[in-house]
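The sequence shown begins at 3 in the working numbering and counts up by one. Every residue gets a Cβ at the ideal spot worked out from N, C-alpha and C, and that includes glycine. In this text the structure is predicted, and so the values were computed from the model without any measurement.
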Amino acid sequence: MRAVVTVMGQDKKGIIAKTASLLAENDINILDITQTIVQNIFTMVMLVGIDDSKLDFTALGEALDRLGKEMDVEIRIQHEDIFQSMHRI
Numbered sequence: 003m004r005a006v007v008t009v010m011g012q013d014k015k016g017i018i019a020k021t022a023s024l025l026a027e028n029d030i031n032i033l034d035i036t037q038t039i040v041q042n043i044f045t046m047v048m049l050v051g052i053d054d055s056k057l058d059f060t061a062l063g064e065a066l067d068r069l070g071k072e073m074d075v076e077i078r079i080q081h082e083d084i085f086q087s088m089h090r091i
């Protein structure tokens, strides 16, 4: 199964590294990633494979939320099919 992880907030050092580390520590593979900074606002979207995750989906979302609070950014995760449905024209 795949999921979409989004990160948004004021740019600062370590956002990508800390987010990727949390994912790697839980056996989650980053399949695709894009990030940009617009006037000091950092945004990142990752497509991740969660089949081998050590955490269930709810626990993973909670871990990402805690990390986001530590870094003062917003981190969200959605199942890919829900993300695709929400953004279909």
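About 6 angstroms separates the beta carbons of Ile-17 and Met-73, which is inside the 8 angstroms limit, making them a contact pair.
Annotation: the region 22 to 84 contains the following complete segments of the beta strand (DSSP E) (minimum length 3 residues), in chain order: 31 to 40, 43 to 51, 76 to 81. About 11 angstroms separates the beta carbons of Leu-24 and Val-50, which is beyond the 8 angstroms limit, so they are not a contact pair.
A check of alpha carbon separations from Thr-36 across Ile-30, Thr-45, Asn-28 identifies Thr-45 as the nearest.
Short of 7 angstroms from the beta carbon of Asp-67, and not among the five residues preceding or following it, lie these beta carbons of its own chain, in chain order: Ile-77. Take Met-10, set aside five residues on each side of it, and the residues of its chain with a beta-carbon closer than 6 angstroms to its own are Thr-45, Glu-76, in chain order.
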